[in-house]
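K.L.:
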Amino acid sequence: MNYILLALCMMVVTYGVRLLPSFITDKIKISPKAEKFLNLIPFTALGALIFPGVLSVDASRWYVGAVGALAAIVLSCIKRMPTAVTVIVSVLVTMLFFL
Amino acid sequence: MTRRKQFLFGMRRSVPVMFGFIPVAMAFAVLAGETGFSTSETILMSVFVFAGASQIMALELISLSSAFFEVVFATFIVNLRHFIMGTCIMRKIGKTNLGEKLICSFGVTDESFALTATMSERDCTPWFMYGVIVVTYGSWVGGTVIGALASNILPEQISNALGIALYALFISILVPGIRKNLRLILLVILTAIVNSILVWIGLKSSWAIIVSCIACALFGVWFVKDPEAQNSDTPLPKKEENV
């Protein structure tokens, strides 16, 4: 398989999917219900991106990702907690399982 | 804000993504080497495609001796979610000219979407996106170069634990946006459950994410009473100081 050609074809489908919305969103008017739907998408998408994927951080021990996620949830409940601190502490907590 | 300030703001907000991207990109590069990619092929893959999940999936498919077309098609399916995310981002950015469309769309990733999800429309501008792209694309390609050139230097404990980084990033973006709205919290939990069930019954996880996030957002239109108070177009007061 030609990997450069493969990368180029993957670029076409990836960038194509990313590009399409920018040419559509200008054209259509959106009803309040549709707007509410689109405003909810980020939250539901994040929920789906996190779970259950987070449980496979370690392929054989689901609780490794669960503990790391719990650390991140607790920290991000604290007001004004910088995102980078949440990420780094969560990584450090997870690392304990790999020592 | 001036363009320069918007650009720098975008860069600053993307710093946490950098912490997530570099290790994942390094992991990709190491895996690509093991799959039989040369150093230049590995780096060019990241330069051209800029999509972590599908690049790593492509490696898995190649090692399972899948056909060329199958890899490309799987890439397309995995990235379909960016159509929805791109719609959200471009709507938030508002009116754009062709050049802005072409560049901003290139920067649509799970992470840039997550960054803009809780931002106000006022702050989400093309120049903000340029700042995001410089940092995210730079760290993706940079991480791939580091990984391809110096594969086995990172201690195993660190590289294993870095898998949590992107999830921690998603959580730290999601939680402040929903914590004051119980029904929104329930909706997010419901989405996680629906997504898990779909994966459990055998749907590919990329499809499960698309189906569950659309279905639950539709349900949320009826279920979540007052998204105006919490939705992404309302500036969240604490958010900017967060990053």
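Protein chains in written order, with my numbering: chain A, 1 to 99; chain B, 100 to 342. Where a beta carbon is used, it is the ideal one built from N, C-alpha and C, also for glycine. Only a predicted model underlies this, so the values are computations on that prediction, with no experimental measurement involved.
State yes or no: is the beta carbon of K200 of chain B nearer than 8 Å to at least one beta carbon in chain A?
P.N.:
K200 of chain B counts as touching chain A.
K.L.:
Would DSSP call K36 of chain A helix, strand or coil?
P.N.:
The answer is helix: DSSP assigns K36 of chain A an H, G or I state.
K.L.:
Here's the rule: buried if 16 or more other CB atoms are within 10 angstroms of the residue's CB, otherwise exposed. What is G301 of chain B?
P.N.:
Classification of G301 of chain B: exposed, given that the 10 Å Cβ count is below 16.
K.L.:
How long is the line joining the alpha carbons of L297 of chain B and A291 of chain B, rounded to whole angstroms?
P.N.:
Taking the straight line from one Cα to the other gives about 10 Å.
K.L.:
Just the C-alpha distance for L286 of chain B and T217 of chain B, rounded to the nearest angstrom, thanks.
P.N.:
Rounded to the nearest angstrom, the two C-alpha atoms are 16 Å apart.
K.L.:
Relative to chain B, which residues along the stretch 21-47 of chain A have a C-beta separation below 9 Å, given in chain order?
P.N.:
The stretch 21-47 of chain A vs chain B, Cβ under 9 Å: P21, S22, F23, I24, T25, D26, I30, K33, A34, E35, K36, F37, L38, N39, L40, I41, P42, F43, T44, A45, L46, G47.
K.L.:
Answer with buried or exposed for S60 of chain A, where buried requires no fewer than 16 other C-beta atoms within 10 angstroms of its C-beta.
P.N.:
With fewer than 16 Cβ atoms within 10 Å of its Cβ, S60 of chain A is classed as exposed.
K.L.:
Give the secondary structure of D222 of chain B by DSSP, where H, G and I count as helix, E and B as strand, and everything else as coil.
P.N.:
Looking at D222 of chain B - three-state DSSP - the assignment turns out to be coil, as it is neither helix nor strand.
K.L.:
Distance, Cα to Cα, D58 of chain A vs E255 of chain B?
P.N.:
Roughly 13 Å separates the two Cα atoms.
K.L.:
Check whether the Cβ atoms of L265 of chain B and G119 of chain B lie closer than 8 Å to each other.
P.N.:
Taking 8 Å as the Cβ cut-off, L265 of chain B and G119 of chain B qualify as a contacting pair.
K.L.:
Report, in whole angstroms, the separation of the C-beta atoms of I176 of chain B and W299 of chain B, which I expect to be a contact under 8 Å.
P.N.:
Going by Cβ atoms, the distance from I176 of chain B to W299 of chain B rounds to 19 Å, so no, they are not a contact pair.
K.L.:
Verify the contact flag: G193 of chain B, CB atom, against every heavy atom of the ligand COA, threshold strictly below 7 Å.
P.N.:
This structure does not include the ligand COA; it has no bound ligands of any sort.
K.L.:
By DSSP, does F149 of chain B sit in helix, in strand, or in coil?
P.N.:
F149 of chain B: coil per DSSP, three-state reduction.
K.L.:
Taking CB distances under 8 Å as the criterion, tell me whether Y3 of chain A reaches chain B.
P.N.:
Yes, because at least one Cβ of chain B sits closer than 8 Å to the Cβ of Y3 of chain A.
K.L.:
Using 8 Å as the limit for Cβ to Cβ distance, is V320 of chain B near chain A?
P.N.:
Closer than 8 Å to some Cβ of chain A, the Cβ of V320 of chain B qualifies, so yes.
K.L.:
Compare the C-alpha of L248 of chain B against each of B:G193, B:F322, B:A128 and name the closest.
P.N.:
Comparing Cα-Cα distances from L248 of chain B to each of B:G193, B:F322, B:A128, the minimum goes to B:A128.
K.L.:
If we ignore side chains and look at the alpha-carbon of each, how far apart do T94 of chain A and L46 of chain A end up?
P.N.:
Cα to Cα, T94 of chain A sits roughly 21 Å from L46 of chain A.
K.L.:
How many angstroms separate the CA atom of V170 of chain B from the CA atom of K200 of chain B?
P.N.:
Cα-Cα distance, rounded: 27 Å.
K.L.:
Please confirm whether A66 of chain A and L75 of chain A have their CB atoms less than 8 Å apart.
P.N.:
Contact: no.
K.L.:
Which residues of chain B have a Cβ atom closer than 7 Å to the Cβ of A69 of chain A, listed in chain order?
P.N.:
The answer, in chain order, is Y266, I270.
K.L.:
Chain B partners of Y15 of chain A, CB-CB under 8 Å?
P.N.:
In chain order: S204, F205.
K.L.:
Answer with yes or no whether the minimum CB distance from D209 of chain B to chain A is below 8 Å.
P.N.:
Closer than 8 Å: yes.
K.L.:
Given a cut-off of 8 Å, decide if L49 of chain A and C187 of chain B are closer than it, judged by their beta-carbon atoms.
P.N.:
Contact flag unset, no.
K.L.:
How close, in whole Å, do the beta carbons of T215 of chain B and K191 of chain B come, if the pair is a contact with beta carbons under 8 Å?
P.N.:
Confirmed, about 6 Å.
K.L.:
Alpha carbon to alpha carbon, what distance is there between I308 of chain B and G206 of chain B?
P.N.:
Straight-line Cα distance between these residues: approximately 20 Å.
K.L.:
Is there a C-beta anywhere in chain A that falls below 8 Å from the one on G109 of chain B?
P.N.:
No, G109 of chain B lies away from the interface with chain A (no Cβ there is under 8 Å from its Cβ).
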